[in-house]
Amino acid sequence: MKTFIIIGALNAFLAVALGAFGAHGLEGKISAKYLEIWKTAVTYQMFHSTGILIIGALMMKFPQSNLLSWSGWLMLAGIILFSGSLYVLALSKISVLGAITPIGGLAFLTAWVLLIIGAVKHL
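In terms of our numbering, the sequence shown has 53 at position 44, counting the first letter as 1, and numbering is strictly consecutive.
Put into structure tokens, the structure is as follows:
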């Protein structure tokens with residue numbers, strides 16, 4: 010599905026841009042602890058951007074797969090909730106945002122399980 014290719018590529022672009030911003034724009038402006046949190050957000054965003062790209066490629070062969078579609082949307086939700094909450098936490102130091110992060114992690118885990126099931130079913 011073209012949509013997932015675009016979403017994956019856009020998120021990969023953003024991960025590179027946000028990684029560069031963290032390395033060059035935030036160094037010395039936030040503590041090492043929060044810089045590590047920023048790096049974790051970038052890393053997970055990039056991994057799951059790649060996952061979304063893979064799902065987009067698989068959906069070209071299996072366009073009717075609800076399992077693959079749900080997997081892609083859950084990876085996007087995970088990026089928003091997991092990485093997004095970590096980005097905001099690193100900049101704001103509002104620790105309550107850490108409560109959102111595990112919801113994004115659960116979305117990531119569910120997405121990978123759906124991808125596994127989809128692969129078993131379709132490949």
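Yeah, the Cβ is synthetic: ideal placement off N, Cα and C, and Gly gets one too. Note that the structure is a prediction, hence the values are computed from the model and not measured.
Name the one or two DSSP bridge partners that residue i has.
{"i": "Glu36", "result": "Ile39"}
Give me the Cα-Cα distance between residue i and residue j, rounded to the nearest whole angstrom.
{"i": "Ala116", "j": "Ser78", "result": "13 Å"}
{"i": "Ile103", "j": "Ile14", "result": "33 Å"}
{"i": "Thr110", "j": "Gln54", "result": "13 Å"}
{"i": "Gly87", "j": "Leu19", "result": "15 Å"}
{"i": "Glu36", "j": "Ala50", "result": "16 Å"}
{"i": "Lys42", "j": "Leu95", "result": "12 Å"}
{"i": "Leu106", "j": "Thr52", "result": "18 Å"}
{"i": "Ala32", "j": "Gly113", "result": "24 Å"}
{"i": "Phe91", "j": "Ala24", "result": "13 Å"}
{"i": "Gly34", "j": "Glu45", "result": "14 Å"}
{"i": "Gln73", "j": "Ile125", "result": "16 Å"}
{"i": "Thr12", "j": "Leu123", "result": "18 Å"}
{"i": "Met93", "j": "Trp82", "result": "According to the sequence displayed, residue 93 carries Gly and not Met. Computed Cα separation, rounded: 15 Å."}
Whole-angstrom Cβ separation of residue i and residue j, contact assumed at under 8 Å?
{"i": "Met84", "j": "Ala120", "result": "4 Å"}
{"i": "Ile89", "j": "Ile16", "result": "Wrong, their Cβ atoms sit about 11 Å apart, outside the cutoff."}
{"i": "Trp47", "j": "Ala99", "result": "4 Å"}
{"i": "Ala21", "j": "Thr59", "result": "7 Å"}
For the alpha helix (DSSP H) holding residue i, just list the boundary residues, first then last.
{"i": "Pro111", "result": "110 to 131"}
{"i": "Leu19", "result": "11 to 29"}
As a quick exercise: from the options, pick the residue whose alpha carbon is nearest that of residue i.
{"i": "Asn75", "options": "Ala21, Lys130, Leu19", "result": "Lys130"}
{"i": "Val97", "options": "Phe22, Lys11, Leu27", "result": "Leu27"}
{"i": "Met10", "options": "Ile126, Gly127, Ile63, Gly31", "result": "Ile63"}
{"i": "Ser80", "options": "Phe22, Ala32, Gly127, Gly31", "result": "Gly127"}
{"i": "Ile8", "options": "Val122, Leu118, Ser101", "result": "No information on residue 8 is available, as it lies outside the stretch 10 to 132 that the chain covers here."}
{"i": "Leu132", "options": "Leu118, Gly34, Lys70", "result": "Lys70"}
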